[in-house]
Amino acid sequence: MSHRKGRNMPDARINIKNPVAVALAHRLAALEGKSITATVCDALEDRAARLTSKVKKGAID
Numbered sequence: 001m002s003h004r005k006g007r008n009m010p011d012a013r014i015n016i017k018n019p020v021a022v023a024l025a026h027r028l029a030a031l032e033g034k035s036i037t038a039t040v041c042d043a044l045e046d047r048a049a050r051l052t053s054k055v056k057k058g059a060i061d
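Once you know that position 58 of the sequence shown is 58 in the working numbering, the rest is easy, because the numbers rise by one and skip nothing.
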């Protein structure tokens with residue numbers, strides 16, 4: 001069975017261009033005892049929260 005993405009379902013895979021960043025992310029996930037997916041999701045949530053805060057403060061239009 002081949003992997004096919006649906007018409008409205010973008011591929012969830014991310015094209016990683018920096019193998020060092022990938023290695024560090026996996027190491028961080030292992031140290032925290034979490035999966036790499038959970039670690040990346042947490043990082044994205046943190047980044048979104050920081051950007052939201054900057055928008056509310058008026059630092060970003």
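Yeah, the Cβ is synthetic: ideal placement off N, Cα and C, and Gly gets one too. All values derive from a computational prediction rather than experimental measurement.
(message) What residue range does the alpha helix (DSSP H) around K54 cover?
(response) For the purposes of this step, residue 54 is taken as the residue at position 54 of the sequence shown. Run containing K54: I36 to K57, per the alpha helix (DSSP H) assignment.
(message) I'd like the list of long-range same chain contacts for S53, defined as Cβ closer than 8 Å, with 5 residues on each side in sequence excluded.
(response) Taking the sequence shown and counting its residues from 1, the one referred to as residue 53 is at position 53. Counting only residues of its own chain and dropping the five nearest sequence neighbours on each side, S53 has no CB closer than 8 Å to any other CB.
(message) Less than 9 Å between the C-beta atoms of D46 and K34, yes or no?
(response) Against the sequence shown, residue 46 aligns to sequence position 46. Against the sequence shown, residue 34 aligns to sequence position 34. No.
(request) Name the residue from H26, A49 and A48 whose alpha carbon lies nearest to the alpha carbon of A62. (result) Residue 62 is absent from the structure shown; the chain starts at 1 and stops at 61.
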